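S.K.:
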Amino acid sequence: MSTPEFEIKFHFGTKRIKQRNVYITALFLNLAVSLLVRFLKVKPEQLWIIIDELGRKFHIKLINNVVLQSPELLERRISRDVDKAINDYKDVVEWKEPKVRSTFSELEEGETPLGGEMRRRGDWIDN
25 MSTPEFEIKF HFGTKRIKQR NVYITALFLN LAVSLLVRFL KVKPEQLWII
75 IDELGRKFHI KLINNVVLQS PELLERRISR DVDKAINDYK DVVEWKEPKV
125 RSTFSELEEG ETPLGGEMRR RGDWIDN
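The opening residue of the sequence shown carries number 25 in the working numbering; numbering runs sequentially from there.
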């Protein structure tokens, strides 16, 4: 009895996405966003955020490539990620806004009918 031979083809990395498919996907997404904006009266930025987050959640490589190749979409993604990281950091360290103390002063008599100079200065600043 002979041993059966198996042929296995293994490729490292991920399958390369054709640029044509990315352009077609971008075209259809733009069309869908335009239609939804017209009929649902929502902002296109909100729809692109939803599309981007769905693409990330379900690992849709075509949507990810569309976002990475569009400077506006990429900028929005980066700002959302940075804002999320800042909020996560604030949750971890129990961030509290510092209380800024200031002193208010005014001269009741002055050159104008309303009075003189009004000042507000931080307590950390010397006269």
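We treat Cβ as the ideally placed atom computed from N, Cα and C, and that holds for glycine.
Every value quoted in this text rests on a predicted model; they were computed, and no experiment measured them.
1) Go to Ser103, then tell me how far its alpha helix (DSSP H) extends in each direction, as first and last residue.
2) What does the alpha-carbon distance come out to for the pair Ser103 and Ile73?
3) Which of the three DSSP states, helix, strand or coil, is assigned to Glu69?
4) Measure the beta-carbon distance from Val90 to Leu71 and round it to whole angstroms, keeping in mind my assumption that it falls under 8 Å.
5) Look at the alpha carbon of Glu121 and the alpha carbon of Lys114, and state the distance between them as a whole number of angstroms.
6) Counting only runs that start and end within the segment 119 to 145, where is the beta strand (DSSP E) found for 3 or more residues in a row?
7) Alpha carbon to alpha carbon, how far is Phe128 from Glu99? Give it in angstroms, no decimals.
M.R.: In terms of the structure at hand:
1) Sequence index remark: in the sequence shown, residue 103 carries index 79 (1-based). Taken as a continuous stretch (DSSP letters only), the alpha helix (DSSP H) holding Ser103 covers 95 to 116.
2) Locating residue 103 in the sequence shown gives position 79, where the first residue counts as 1. Locating residue 73 in the sequence shown gives position 49, where the first residue counts as 1. Rounded to whole angstroms, Ser103 to Ile73 spans 11 Å at the Cα level.
3) By 1-based counting over the sequence shown, the position of residue 69 is 45. It is helical.
4) The residue labelled residue 90 in the question sits at position 66 within the sequence shown. The residue labelled residue 71 in the question sits at position 47 within the sequence shown. Not really, about 13 Å apart at Cβ, beyond 8 Å.
5) Here residue 121 refers to the residue found at position 97 of the sequence shown. Here residue 114 refers to the residue found at position 90 of the sequence shown. Distance between the alpha carbons of Glu121 and Lys114 is about 10 Å.
6) 126 to 130
7) One-based indexing of the sequence shown puts residue 99 at position 75. One-based indexing of the sequence shown puts residue 128 at position 104. When rounded, the distance between both Cα atoms is 41 Å.
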